[in-house]
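Heads up, the thing below is written out as structure tokens.
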DNA sequence: ATATATTTTCAATAATTATTGAAAATTCGA
DNA sequence: TCGAATTTTCAATAATTATTGAAAATATAT
């Protein structure tokens, strides 16, 4: 397979992959494009390669910057802005985990705390079923939260070695 | 907070949560409703409680069954079908991990294998950047695959205890 | 300061995805 | 076997989400 075709496939399936994880297709595609590009790119480069509009490109670059996955690069003597993606996949994963933890897991755990305190007699099976479910989700969620925290702090090599040892 | 309100909140935020993870709102809400219900429910019960149509209810129940999260229950002397959700959250998580691994991670790893074999001189920086990215994603993906496999096989108590020890 | 290049915004529109509801199919009791 | 209850399907429609493109804002060179 030629490089051009391989890139196309990578970008397109990274985009499809993204949509299964609540990330919009274009954002994932821009990210994929930058991941496999040796040099920083301008918005115009991306527009051309992905066949998308200027507005779309701009909005999704901004979003990738918000996620901490892409950053602006200043090239001396150039008027235009250039962008580049973090290439260290371990860092990319950690960054995504960090953001999703903050945006989704933590608010969910807070809600569950509130819901656990529901009024009513625990001997009522409706109350009991509700509280039991909430408590068990919370328990698992808290453990996930801690584990992810640790992972965010870990070095890739240490993490992989640990996993390898335990789950061999 | 009253039980009814707490249930509403739980169902609605579980639905919103789902949409961030590529799961449609209704499917997540039905799942939430069943999770907190002490007894099996009929389609009509769900339609009423969630204010959704018969077709929508039916399609999403089927989908939950495909995911292995809900099952049909036969109540003797009843004509209608009843449904119930797995209440053990650890089993629920394992089931979701298992399915997503099969549906998404494994196909992605297969694709990456194919893409790694791209033609071209590795001294060309474009080829090199592409292959490097593909290889590093693959490496991490394979480790994730193994780790998740292990997790799927593990008992909750063992898994949590292990995590606790290591990542304390 | 002005002209020009570049980025950003956002209302309009398109594309995608979810939902409805009624008809068809199926199940099951009598 | 028939008929009512129940489930399933799916074309039509609604709701949501993504994308465009042109105007406005901003930045920079001269």
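Residue numbers (my numbering), protein chains in the order written: chain A, 48 to 215; chain B, 48 to 215. Cβ coordinates follow ideal geometry from the N, Cα and C atoms, glycine included. Quick caveat, the model's predicted, so the values are computed rather than measured.
Exercise for the section: Check whether the Cβ atoms of residue 114 of chain B and residue 76 of chain B lie closer than 8 Å to each other. Expected result: no
Handout entry: Which of helix, strand or coil DSSP assigns to residue 198 of chain A
Key = When DSSP states are grouped into helix, strand and coil, residue 198 of chain A belongs to the helix group.
Problem - chain A contact residues for residue 83 of chain B, given Cβ-Cβ distances below 7 Å - result: Per Cβ cutoff of 7 Å: 176, 177, 180.
Handout entry: Within chain A, the residues that residue 49 of chain B reaches when beta carbons sit closer than 7 Å
Key = 166
Handout entry: Beta-carbon neighbours of residue 205 of chain B, restricted to chain A and to distances below 7 Å
Key = Residues of chain A whose Cβ lies closer than 7 Å to the Cβ of residue 205 of chain B do not exist; the shortest such Cβ separation is about 11 Å.
Practice task
Please say whether residue 73 of chain A and residue 103 of chain A have beta carbons closer to each other than 8 Å?
Solution key: yes
Problem - Beta-carbon gap between residue 184 of chain B and residue 136 of chain A smaller than 8 Å - result: In this structure, residue 136 of chain A lies closer than 8 Å to residue 184 of chain B by Cβ.
Handout entry: Any C-beta of chain A under 8 Å from that of residue 53 of chain B
Key = yes
Handout entry: Buried/exposed call for residue 53 of chain A, threshold 16 Cβ in 10 Å
Key = buried
Problem - Through-space distance from residue 173 of chain B to residue 177 of chain A, alpha-carbon basis - result: 55 Å
Problem - Neighbouring residues, chain B, relative to residue 183 of chain A (Cβ below 9 Å) - result: 134, 135, 136, 137
Problem - Contact residues within the segment 139-156 of chain A, judged by C-beta distance below 7 Å to chain B - result: 140, 151, 155
Practice task
Determine, using beta-carbon pairs with one atom in the segment 121-130 of chain B and one in the segment 79-92 of chain B, whether at least three such pairs fall under 8 Å.
Solution key: yes
Problem - Burial state of residue 112 of chain A, where buried means 16 or more other Cβ atoms lie within 10 Å - result: exposed
Problem - Cα-Cα separation between residue 105 of chain B and residue 204 of chain A, rounded to whole angstroms - result: Straight-line spacing of the CA atoms in residue 105 of chain B and residue 204 of chain A works out to 47 Å.
Exercise for the section: Starting from the C-beta of residue 145 of chain B, find all residues in its chain whose C-beta is less than 6 Å away, skip the five residues before and the five after it, and write them out in chain order. Expected result: The answer, listed in chain order, is 199.
Handout entry: Secondary structure of residue 120 of chain A, DSSP reduced to three states
Key = Strand, per DSSP.
Problem - 8 Å Cβ cutoff, residue 78 of chain B in contact with chain A - result: So, not an interface residue.
Handout entry: Where residue 74 of chain B falls: helix, strand or coil (DSSP)
Key = helix
Problem - Distance, residue 80 of chain B Cα to residue 97 of chain B Cα - result: 9 Å
Handout entry: chain B within 8 Å of residue 127 of chain A, Cβ atoms only
Key = no
Practice task
Please name the residue in B:65, B:189, B:195 whose C-alpha comes closest to that of residue 159 of chain B.
Solution key: B:189
Problem - Residue range of the alpha helix (DSSP H) that includes residue 53 of chain A - result: 50-66
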